[in-house]
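Asks: The structure is given below, and queries will be raised subsequently.
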Amino acid sequence: MTERSFPLPSQLEAVPGAEGWEAMYPYFSRFQPEDDQRFWFYNSMHFPEVVPAFDGITSEIPYTAIGANTARLFSFPTTMGIEYRIVNGRVYITANPVLDEAEQGARLVDFQERAGHYYANWDRLYGGWQQRIEALIADIEAVEVPELGVLDPIEVVTSARGFASNHLLREQFHRCIDLYSKMWHHHTEFLMLGYGAYVVFFEFCKQAFPEMGDQMVARMVAGMDVTMYRPDDELKKLAALAVDLDLADLFVEGSDPAKVLAALGERGDAGARWLAALEAAKDPWFNVSVGDGFYHHHLSWADDLTVPFAALPRYVEQIAAGQDLTRPTERLAEERDRIAAEYRDLLDSADEQAAFDQMLGLCRQVFPYIESHKFYCEHWFTTRFFQKVRAFGQLLAERGVLLAADDVFHLRHVEVEDALADVMLAWASGGTELGGRHWQPIVAERKRIVEALSTWSAPPALGAVPEALNDPAVKMLWGITQETVEAWLGAEDDDGSTVRGYAASPGVVEGVARVLLNVNDIGQIREGEILVCPVTAPSWGPVFGKIAAAVSDIGGTMSHAAIVAREYGMPAVVGTGTATARISTGDRLRVDGDRGVVTVLA
Amino acid sequence: MTSTAPVLHFRDVGLGDVPTVGGKGASLGELLRAGIRVPTGFAVTTAAFRQAVEHLTVDGTTIPARVAGLDPADAPALAAACADLRAVVESALLPDAVAEAVTTAYAALCDECGDASLPVAVRSSATSEDSAEASFAGLQDTYLWVRGADSVLEHVRRCWASLYSVESVTYRLRRGIPETELGMAVVVQRMVGARSSGVLFTRSPLTGDRSVVAIDASWGLGSAVVSGDVTPDSFVVSKVTGEVRRTVATKTRWHRPDPSGSGVVETDVPGDLQHRPSLSDEEIAELVAIARRVEAHYGRPQDIEWAVAESAPAGENVFLLQSRPETVWAAKDAARKAAPTARPFDHVFNVLGGKRPSEG
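Chains A and B supply the protein sequences, listed in that same order.
Note that the numbering used here has the first sequence beginning at 25, numbered continuously upward.
Note that the numbering used here has the second sequence beginning at 904, numbered continuously upward.
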């Protein structure tokens, strides 16, 4: 009998046409020979597509922040941080456990002091966080790409500033990177503690009620005033306003947002009022990414109105037909409280009920952070960050170093600094940038590599089968447990018509599959189809009004697809590992959200 | 001894009457008091048992003395002695008072139900709280579709005689349970012409989860489910959301009343019924509602036998045949107790802290 193992990193076959991909990523992200003995799983939740060279920063910096938080700041007893590797453009991760009991004990003492401080002062500290993160957003908005004219402005001289504007080129670019790093530290500041509280309640529920679906725990905890729902809510308000102002005729499926805006401009006062409402809604609620905030090409709604304007016609139609699209928060809250009260009553002692109350209370206290931080971090801040980097790309294009602004995303962030130094020198010396000759072939080559790598089907896991998985984030966020690992291992034994994952939202439904690998194809979804995707992002909310069920490759019960599917009351199976690879658009599917099984019927 | 009456109607007993009418009898009375639909009937009390058995002798020795003199290690002698004892208990004439009381009670039951030869179930009803003892000691006898007073009397005696099976006697001898404390009641209950029947637990028998009701159901009499002659349908219902997880089995065999009018036969389920769920959604919902009332009445999880009558109209057709406390998980509950902590977040330290000091 051969020992069970996933494909070994050292034995992955090269992807034709992608030779040299390694240069796109830092040396410390490459698989090492000894990594064959460790368990790695594909983080397709955050990195469903090939990572362009610059976007490597969205793994490098988050993992420096998360690990620092668990390992060095709060001293989580059983886990250090997450290590990552990039192969063929895909990000694989593993958690470093603390296995030595004495070390766990020592770490626990510090954990109690440090985490205790945060838990005990949660509301006050979280209030401070809100201010800090908004200040960071203001800081990134304030970053300016310096103008490099023939002469620096006279004020530089009269104010005796003492340094020329080319200095600011590197300083301001650095500031982008530094702010991005700081944002990620703040992102994780409360997150792992929040997951910790959630895991505790989750495990209590699972022990007391082993038959309880994972989604039930989330339903008992869910907040009602959720920031991530706001963009979609704003869209519904705009749709209602369009109906009120007699502008419904302008919102028809397939219209170009620019043309709709132009037509609104010609509708007098009503059109002006609607456009004013749009502007008000945009700040801040359209600062939501069409993705999950890990790729430069995931623009915000404000940057690209395609996604919100694709959702508007349907909302307008529904509201015109008399439907009430507002979230029934009161009913949802009552239902949430009823469920929690009934489970509480089923516990058989006052002690257990008191423990339940404490755990649920703590969960509800930490949950607003878990539900809301993404809007500020991955969406608002990150879409601003990429726009600033794009502005530096624009400068590089204007100076002839690159052909187009977006080509900057094919350089690693340290390479961008090189290119900027080139500009700084050329501007100073009166010479010419040498980067055009150097960088343009590299960019062209990397575009080819990204294209070639996009055909690679990334295995859900690599390396050794793990003996234990005890990192709270790995379990709650990625939904990876011993059972997932077993399912991945057993995937080859299936007859090919069944895909298994997490039962994330109950119900059984049949329908036609629509496989979406890229968020930009979101417009292809038709009414009543079953969405099959690597992972969904919060801004996909409007799509959930159309589909009959959702299936994703990655994600646990706290993943976005699961949360939104429950909200919309549709079946969802998440964390299947292989759904997008094994299901094709047009397949007839049965999605069983009670058992976590997707069956291809024909 | 609370009563010396040889026979008590279900309506006259409750949970406190286990010593006289046994666990089954007391539970059926208690269910009636709680307003639960159970098939009507009566219990032949432990007093009747004593009156019937105490004067019996085998070879001039009283039965308790005879049993006390047996050696559980001497299998052949034990088997022979038990056969003698059972023959005596099964065949001896009943004291007139006992025979008359049972005959009268049966006649009254026939009147109550409007059927002169009412089919009944005759089942032993143990006084022991210990279910292990009850099962090892062979106290789980059930005779279905019994008709006529003479047949009822005969089956009551059979239930009593089962106390003298080799297994039962060996169990008592090895445990040192004195014969003088021996008592057994018998329940005589109107037979429900069951379209479907089965068992249910007010918690998961697999995981102990108290938030679900787990129903096993099949066509015909419940004996097919209890005996394992059929793989039943399984319905696991959430008490909180009402969601039903259903597994509809292929039910090949069923137990039905013998066409002769008495007794039970096991035959093939007609093909068109085999794959169909044996309960409707409404029946599942009603069973769950009843089960939860019973559980709330007793204040602890229950193990319930039930039937859906063939003839009664929907809404009046679900009957409980028996309810007893669930014991397997009850014992494990004590082992997994959560307690409040000084501060809510101390739970986090306990769970994420690695090895817990309290676990030694």
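For each residue, glycine too, the CB sits at the ideal point set by N, CA and C.
No experiment lies behind these values; they were computed from the predicted model shown.
Whose C-alpha, out of A/Q418, A/G531, A/G152 and A/R606, is nearest the C-alpha of A/E168?
Replies: Mapped onto the first sequence, residue 168 of chain A falls at position 144. Checked all of A/Q418, A/G531, A/G152 and A/R606; the closest Cα to A/E168 is A/Q418.
Asks: Quick one, which residues of the segment 1236-1256 of chain B are near chain A if we go by CB-CB under 9 Å, in chain order?
Replies: D1236, R1239, K1240, A1241, A1242, P1243, T1244, R1246, P1247, F1248, D1249, H1250, V1251, F1252, N1253, V1254, L1255 and G1256
Asks: When we look at the beta-carbon of B/H1178 and count the other beta-carbons within 10 Å, is it buried (16 or more) or exposed?
Replies: For the purposes of this step, residue 1178 of chain B is identified with residue 275 of the second sequence, where counting begins at 1. Exposed: under 16 other Cβ atoms inside 10 Å.
Asks: Please list, in chain order, the chain B residues whose beta carbon lies closer than 8 Å to that of A/D257.
Replies: Along the first sequence, one-based indexing puts residue 257 of chain A at 233. Ordered by position in chain B, no residue passes the 8 Å Cβ test against A/D257, which lies about 27 Å from the chain.
Asks: Can you tell me which of B/S1163, B/L1190, B/I1187 and B/T1155 puts its alpha carbon nearest to the alpha carbon of B/D1175?
Replies: The residue labelled residue 1175 of chain B in the question sits at position 272 within the second sequence. Considering only alpha carbons, the answer is B/T1155.
Asks: Decide if A/E453 is buried, meaning its Cβ has at least 16 other Cβ atoms within 10 Å, or exposed.
Replies: As a working note, residue 453 of chain A is residue 429 in the first sequence. Sequence inspection shows Ser at residue 453 of chain A; the Glu mentioned does not correspond to that position. A/S453 is exposed by the Cβ-count criterion.
Asks: On the three-state DSSP scale, how would you describe A/H403?
Replies: Sequence index remark: in the first sequence, residue 403 of chain A carries index 379 (1-based). Three-state DSSP puts A/H403 in a helix.
Asks: Closer than 8 Å between beta carbons: that is the criterion. Which residues of the segment 32-47 of chain A meet it against chain B?
Replies: none
Asks: Mapping the DSSP letters down to three states, classify A/M240 as helix, strand or coil.
Replies: Here residue 240 of chain A refers to the residue found at position 216 of the first sequence. Three-state DSSP puts A/M240 in a helix.
Asks: State the DSSP-derived secondary structure class of B/F1104, mapped to helix, strand or coil.
Replies: The residue you call residue 1104 of chain B lines up with position 201 of the second sequence. Of the three classes helix, strand and coil, the one that applies to B/F1104 here is strand, per DSSP.
Asks: What does A/A221 reach in chain B if we use C-beta pairs closer than 9 Å?
Replies: One-based indexing of the first sequence puts residue 221 of chain A at position 197. Simply P1247, F1248, H1250 and V1251.
Asks: Taking CB distances under 8 Å as the criterion, tell me whether A/V597 reaches chain B.
Replies: Here the question's residue 597 of chain A lines up with position 573 in the first sequence. Taking Cβ atoms only, chain B never reaches closer than 8 Å to A/V597, which makes this a no.
Asks: Buried or exposed: which applies to A/G487, given that a residue is buried once 16 or more other Cβ atoms fall within 10 Å of its Cβ?
Replies: The sequence position of residue 487 of chain A within the first sequence is 463, counting from 1. Counting Cβ neighbours within 10 Å, A/G487 comes out buried, since at least 16 surround it.
Asks: In angstroms with no decimal places, state the Cα-to-Cα distance between A/V314 and A/S324.
Replies: For the purposes of this step, residue 314 of chain A is identified with residue 290 of the first sequence, where counting begins at 1. For the purposes of this step, residue 324 of chain A is identified with residue 300 of the first sequence, where counting begins at 1. Approximately 6 Å between the Cα atoms of the pair.
Asks: Please list the partners that B/T1150 has in chain A, where partner means a Cβ-to-Cβ separation under 9 Å.
Replies: Locating residue 1150 of chain B in the second sequence gives position 247, where the first residue counts as 1. In chain order: nothing, as chain A lies at least about 10 Å away.
Asks: Scan the segment 918-951 of chain B and note each continuous alpha helix (DSSP H) run of 4 residues or more that stays entirely inside, going in chain order.
Replies: 921-936
Asks: Of all the residues that make up the segment 350-366 of chain A, which are near chain B by a beta-carbon distance shorter than 9 Å?
Replies: R362, I363 and E366
Asks: I need the DSSP call for A/A425, collapsed to helix, strand or coil.
Replies: Along the first sequence, read from residue 1 onward, the residue named residue 425 of chain A stands at position 401. Per the sequence presented here, residue 425 of chain A reads as Val, with Ala not at that position. Coil at A/V425, not helix or strand.
Asks: Taking 8 Å as the CB-CB limit, is B/S1137 close to chain A?
Replies: Here the question's residue 1137 of chain B lines up with position 234 in the second sequence. B/S1137 does not count as touching chain A.
Asks: Kindly examine the ligand ATP and report whether one of its heavy atoms sits closer than 7 Å to the Cβ of A/I178.
Replies: Ligands in the displayed structure: none, and consequently the ligand ATP is not present.
Asks: So with Cβ pairs under 8 Å, would you call A/L97 a contact of chain B?
Replies: Residue numbering aside, residue 97 of chain A sits at position 73 when the first sequence is read from its first letter. No, its Cβ sits nowhere closer than 8 Å to a Cβ of chain B.
Asks: When the Cα atoms are used, what is the spatial distance from A/D327 to A/G278?
Replies: Translated into the one-based positions of the first sequence, residue 327 of chain A becomes position 303. Translated into the one-based positions of the first sequence, residue 278 of chain A becomes position 254. The alpha-carbon atoms of A/D327 and A/G278 are separated by roughly 19 Å.
Asks: So B/R1093 packs on B/V1147, CB below 8 Å; how close in whole Å?
Replies: Residue numbering aside, residue 1093 of chain B sits at position 190 when the second sequence is read from its first letter. Residue numbering aside, residue 1147 of chain B sits at position 244 when the second sequence is read from its first letter. Not a contact, Cβ separation roughly 30 Å.
Asks: Taking only beta carbons into account, state which residues of the segment 275-288 of chain A come closer than 8 Å to chain B, listed in chain order.
Replies: none
Asks: Helix, strand or coil, according to DSSP, for A/N67 in the structure here?
Replies: Within the first sequence, the letter at position 43 stands for residue 67 of chain A. Coil.
Asks: DSSP has B/F1222 in a bridge; who is on the other side?
Replies: Here residue 1222 of chain B is taken as the residue at index 319 of the second sequence, counted from 1. According to DSSP, B/F1222 bridges with B/A1210.
Asks: Taking a contact to mean a Cβ-Cβ separation below 8 Å, would you say A/Y400 touches A/Y150 in this structure?
Replies: By 1-based counting over the first sequence, the position of residue 400 of chain A is 376. By 1-based counting over the first sequence, the position of residue 150 of chain A is 126. Not in contact: A/Y400 and A/Y150 (Cβ atoms no closer than 8 Å).
Asks: With a cut-off of 8 Å, does the C-beta of A/S529 fall near any C-beta of chain B?
Replies: Within the first sequence, the letter at position 505 stands for residue 529 of chain A. No, because no Cβ of chain B sits closer than 8 Å to the Cβ of A/S529.
Asks: Assuming B/L1047 contacts B/S1130 (C-beta within less than 8 Å), just tell me the rounded distance between them.
Replies: On the second sequence, residue 1047 of chain B is found 144 positions in, with the first residue counted as 1. On the second sequence, residue 1130 of chain B is found 227 positions in, with the first residue counted as 1. In fact, because the Cβ distance is near 12 Å, the residues do not count as touching under 8 Å.
Asks: The beta strand (DSSP E) with A/A119 in it runs from where to where?
Replies: Here residue 119 of chain A refers to the residue found at position 95 when the first sequence is read from its first residue. Taken as a continuous stretch (DSSP letters only), the beta strand (DSSP E) holding A/A119 covers R114 to P121.
Asks: Tell me the rounded alpha-carbon separation between A/A284 and A/E290.
Replies: Along the first sequence, one-based indexing puts residue 284 of chain A at 260. Along the first sequence, one-based indexing puts residue 290 of chain A at 266. Looking at the sequence provided, one finds Val at residue 284 of chain A rather than Ala. Using only the alpha carbons, I get a separation of about 10 Å.
Asks: Thinking just about the alpha-carbon of each residue, which of B/T1030, B/S1121, B/E1169 and B/P1081 is nearest to the one in B/T923?
Replies: Here the question's residue 923 of chain B lines up with position 20 in the second sequence. It is B/T1030.
Asks: Going by DSSP in three states, A/V276 sits in which element: helix, strand or coil?
Replies: Translated into positions along the first sequence, residue 276 of chain A becomes position 252. DSSP places A/V276 in coil when its eight states are reduced to three.
Asks: Below 8 Å on C-beta distance, what does B/V1191 contact in chain A?
Replies: Taking the first residue of the second sequence as 1, we reach residue 1191 of chain B at position 288. Those within 8 Å of B/V1191 in chain A number zero; the least Cβ separation is about 13 Å.
Asks: Of the residues B/I1187, B/E1169, B/G1086 and B/G1096, which one's Cα is nearest the Cα of B/D1136?
Replies: Within the second sequence, numbered from 1, the residue matching residue 1136 of chain B stands at position 233. The shortest Cα separation from B/D1136 among B/I1187, B/E1169, B/G1086 and B/G1096 belongs to B/I1187.
Asks: Does A/F318 come out as helix, strand or coil in the three-state DSSP assignment?
Replies: By 1-based counting over the first sequence, the position of residue 318 of chain A is 294. The answer is coil: DSSP assigns A/F318 none of H, G, I, E or B.
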